[in-house]
Structure formats: C-alpha cells, structure tokens
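Participant: Take this structure first; my questions come after.
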Amino acid sequence: MALGRLFVLILLRVLFVHGEIYLYNNTTILFMFDDYLSEDGPGIPFQGFEGFLRAASPADGCTEMVPADRDSLFVIIKRYGCTFEQKVRNAQAANFSAVIVHNVDSNALIHMPYTNKTGILIPAVFVSEETGELLLANAQVEGTYVWLDETFHVNKDVFLAFCMFVLVAFFCMLSSMLFRYVRNRRRRRRYL
C-alpha cells in the first residue's frame, strides 16, 4: 500500500513539474530545484539554458527594470504586484535572457498564465519561495550561475488515450487468440 502511494506521488511529480534549475559554483553543482515552466511563452532549448543571476530592480518587476549589463543574465522577480506577463515583458525590455519568478509566503509551484503571449521571446519559470531566496542569496557570489533544463513532461490526456489504445489492442489480440483456439480445438475433435 505504501509502495502504491509512493508511485502515485512520483507520477504526480512527473505530471506537474516541468523542469529543473541547477545552481552551479564554477563547475560544482550546489543545488537542484524544481520549477514550473510557463507554457504560454517560449520553451527552454532542448540542450538547456545557462545564465548568471541578478535580483530584479524593482524586486516585483512591475515597472521598468534596471537593464541587464551582460549577456545570458537571468532576473529573479518576486510574485504579486502585477501580472506574470507584465513581469516578463519588463524583463525582456531590460534585455534579460530569462525570468525566474519566485513565490511569496508559499513553496507551491503554480502555472503562470499570459493574456497575450505575442511578442514574448524569453522563457520564464516559476519557483518556490525557498528556492527564490536561495537563488537571490547566491546571485552575488562570484562564479555562480544557473542551468535551466526542461524535464520530460507527460501529457496525461495523451497518456490516457495511449493506455486505452493498448488496452483495446490487447483485448482484440486476446479475443482473436481465444477464437482461433476454440476453432482449432473443434476441428481436431472432428478428425479424431
């Protein structure tokens, strides 16, 4: 019974967590965190995405931000104050490569909806408050960078349809085998 619960928790984790953030110092992995990739914006490249961290100024990212001073710079923004779309557009206007929005007063991961995704060219991920605070604390450490990676995401609707197809195919094969067995058995009885 406990094994079944563990399997369900692992399955739910695979279905709802879209990616991972790796925090490096030079070449050593310091931490690995789960994130939730915004499905409305561009995705993370297949090979992953590397960049340095900087705290947003202003911290909520709701107004014009201080521009990025180098390439491959990711901005860490607090949740609330304005829409996720506005935060991402402000970060994009300030020439950041990606946005990491962290929760406030919660470690829950949520979906970041946009009302209009046209023109958004940078990826955005959502992390827990604990992750956000740890990333902010390491943002000023020399040699520290992050790697965004998208994990394999299982679409539960497609998975359910695939399971149903396999189940129907299995029962068709089983009924065909059973029908042939009965037919061959009757033929043998006639010739004996």
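Numbered according to mature numbering (1 follows the signal peptide of the UniProt record, and there is no 0), the sequence shown spans residues -19 to -1, 1 to 173. Cβ coordinates follow ideal geometry from the N, Cα and C atoms, glycine included.
How would you write the range of the alpha helix (DSSP H) that residue 113 sits in, first residue to last?
Facilitator: Here the alpha helix (DSSP H) through residue 113 covers 110 to 119.
Participant: Beta-carbon separation of residue 116 and residue 34 under 8 Å?
Facilitator: Closer than 8 Å, so yes.
Participant: May I have a chain-ordered list of the beta strand (DSSP E) segments no shorter than 3 residues that lie completely inside the stretch 54 to 79?
Facilitator: 54 to 59, all fully within the stretch 54 to 79.
Participant: Taking a contact to mean a Cβ-Cβ separation below 8 Å, would you say residue 72 touches residue 103 in this structure?
Facilitator: Yes, the Cβ-Cβ distance between residue 72 and residue 103 is below 8 Å.
Participant: Is the beta carbon of residue 129 closer than 8 Å to that of residue 10?
Facilitator: For residue 10 and residue 129, no; Cβs fall outside 8 Å.
Participant: What first and last residue would you give for the beta strand (DSSP E) that runs through residue 18?
Facilitator: Run containing residue 18: 9 to 18, per the beta strand (DSSP E) assignment.
Participant: If you drop the 5 nearest sequence neighbours on each side, which residues of the same chain put their C-beta closer than 7 Å to that of residue 50?
Facilitator: Taken in chain order, the list of residues that qualify is empty.
Participant: By Cβ distance below 6 Å, which residues in the same chain neighbour residue 124 in space, the five residues on each side in sequence not counted?
Facilitator: Result list for residue 124: 6 and 7, in chain order.
Participant: How is residue 85 classed by DSSP in three states: helix, strand or coil?
Facilitator: DSSP places residue 85 in coil when its eight states are reduced to three.
Participant: Could you give the C-beta distance for residue 32 and residue 55, rounded to a whole number, given that I count them as a contact under 8 Å?
Facilitator: Yes, residue 32 and residue 55 are in contact; Cβ-Cβ is about 4 Å, under 8 Å.
Participant: Below 8 Å on the Cβ atoms is my guess for residue 63 versus residue 41; work out the distance and round it to an integer in Å.
Facilitator: Indeed they touch by this definition, with Cβ atoms about 7 Å apart.
Participant: In whole angstroms, what separates the C-alpha of residue 149 from that of residue 155?
Facilitator: Distance between the alpha carbons of residue 149 and residue 155: 10 Å.
Participant: Can you round the beta-carbon distance between residue 21 and residue 95 to whole angstroms, since I take them to be within the 8 Å contact cut?
Facilitator: Correct: roughly 4 Å between the Cβ atoms.
Participant: What are the boundary residues of the beta strand (DSSP E) that residue 33 is part of?
Facilitator: 30 to 36 is the span of the beta strand (DSSP E), which, as asked, contains residue 33.
Participant: Tell me which residues share the same chain as residue 101 and place their Cβ nearer than 8 Å to its Cβ, disregarding the 5 neighbours each side in the sequence.
Facilitator: Same-chain partners within the cutoff: 21, 22, 23, 66, 69, 70, 73 and 95.
Participant: Does the separation of the CB atoms of residue 81 and residue 108 fall below 8 Å?
Facilitator: Contact flag set, yes.
Participant: Tell me the rounded alpha-carbon separation between residue 168 and residue 161.
Facilitator: Distance between the alpha carbons of residue 168 and residue 161 is about 11 Å.
Participant: Among 47, 59 and 52, which has the Cα closest to the Cα of residue 78?
Facilitator: Comparing Cα-Cα distances from residue 78 to each of 47, 59 and 52, the minimum goes to 52.
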